[in-house]
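Novice: The opening position of the sequence shown corresponds to residue 1 in this note's numbering, with each subsequent residue numbered one higher. We put the CB at the ideal spot given by N, CA and C, even for glycine. As the structure is a prediction and not an experimental result, all values here were calculated from the model.
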Amino acid sequence: SSGITAEWSLRPGEALTSVVKTIVAEEDRSRNLLIFGLPEEKEEKLESQVSEVLETIGIKPKVEAQRIGKKKTVDSTRPVKVITSNSLIVNQILRNARNLRQSEKFKTVFLSPDRSVEQRKLRKDLVQDMKKRALAEPTKKFYIKDGQIYCADESNG
Numbered sequence: 001s002s003g004i005t006a007e008w009s010l011r012p013g014e015a016l017t018s019v020v021k022t023i024v025a026e027e028d029r030s031r032n033l034l035i036f037g038l039p040e041e042k043e044e045k046l047e048s049q050v051s052e053v054l055e056t057i058g059i060k061p062k063v064e065a066q067r068i069g070k071k072k073t074v075d076s077t078r079p080v081k082v083i084t085s086n087s088l089i090v091n092q093i094l095r096n097a098r099n100l101r102q103s104e105k106f107k108t109v110f111l112s113p114d115r116s117v118e119q120r121k122l123r124k125d126l127v128q129d130m131k132k133r134a135l136a137e138p139t140k141k142f143y144i145k146d147g148q149i150y151c152a153d154e155s156n157g
């Protein structure tokens, strides 16, 4: 019974509220993705621009879109937050995202999951580690999957 009293050392319901908020935020975030490098125009029709990007990779979901962040310079482009109806659509979009590289119009546009501040920091550290490994072993190809760095040349198993 000492475990129960330790849990209630916080105000009743405080720990539960915190956990629920975290889960709700994660669930909400799973329906979103970010688009980087989409040119910003004066009178932009963001939803149609986003739809054009997604149609380029063969997906036509109904989405909401909005620019996020403050405009830093005249030439800078702010990321676009895209909200879909569910996380399955986001996963499908992200799986097909690499096909944008073949598109002349959108080859400098990048898609990414909507990550929390902690997730962004972890991802940034992983990318830096991967770049160091790539410099140390330039003949090998590395990639990140499920929060780990893998070498494409090594057989897993």
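Within 10 angstroms of its Cβ, does Thr-17 collect 16 or more other Cβ (buried), or is it exposed?
Specialist: Classification of Thr-17: exposed, given that the 10 Å Cβ count is below 16.
Novice: How do the segment 109-126 and the segment 87-97 stand: do at least 3 beta-carbon pairs fall below 8 Å, yes or no?
Specialist: Yes, since at least three Cβ pairs between the segment 109-126 and the segment 87-97 fall closer than 8 Å, the two stretches touch.
Novice: If we ignore side chains and look at the alpha-carbon of each, how far apart do Ser-30 and Thr-73 end up?
Specialist: Between Ser-30 and Thr-73, the C-alpha separation is close to 30 Å.
Novice: My guess is that Arg-78 and Glu-40 are in contact by the Cβ rule of under 8 Å, so how many angstroms apart are they, rounded?
Specialist: So it is a contact: roughly 6 Å between Cβ atoms.
Novice: With a threshold of 8 Å on Cβ separation, who are the neighbours of Gly-147 within its own chain once the five nearest residues in sequence on each side are excluded?
Specialist: Leu-122 and Leu-126.
Novice: Alpha carbon to alpha carbon, how far is Ile-144 from Leu-135?
Specialist: Looking at the two C-alpha atoms, the distance is approximately 16 Å.
Novice: On the CB-based measure, 16 or more other CB atoms within 10 Å of its CB, does Ala-65 come out buried or exposed?
Specialist: With 16 or more other Cβ atoms within 10 Å, it is buried.
Novice: Could you tell me the alpha carbon to alpha carbon distance between Lys-132 and Ser-116, rounded to whole angstroms?
Specialist: Spanning the two alpha carbons is a distance of roughly 24 Å.
Novice: For Lys-62 and Ser-51, what's the separation of their Cα atoms in angstroms?
Specialist: Computed Cα separation, rounded: 8 Å.
Novice: Here's a check: name, in chain order, each residue in its chain whose Cβ is nearer than 6 Å to the Cβ of Cys-151, leaving out the five neighbours to either side.
Specialist: Around Cys-151: Lys-140 and Phe-142.
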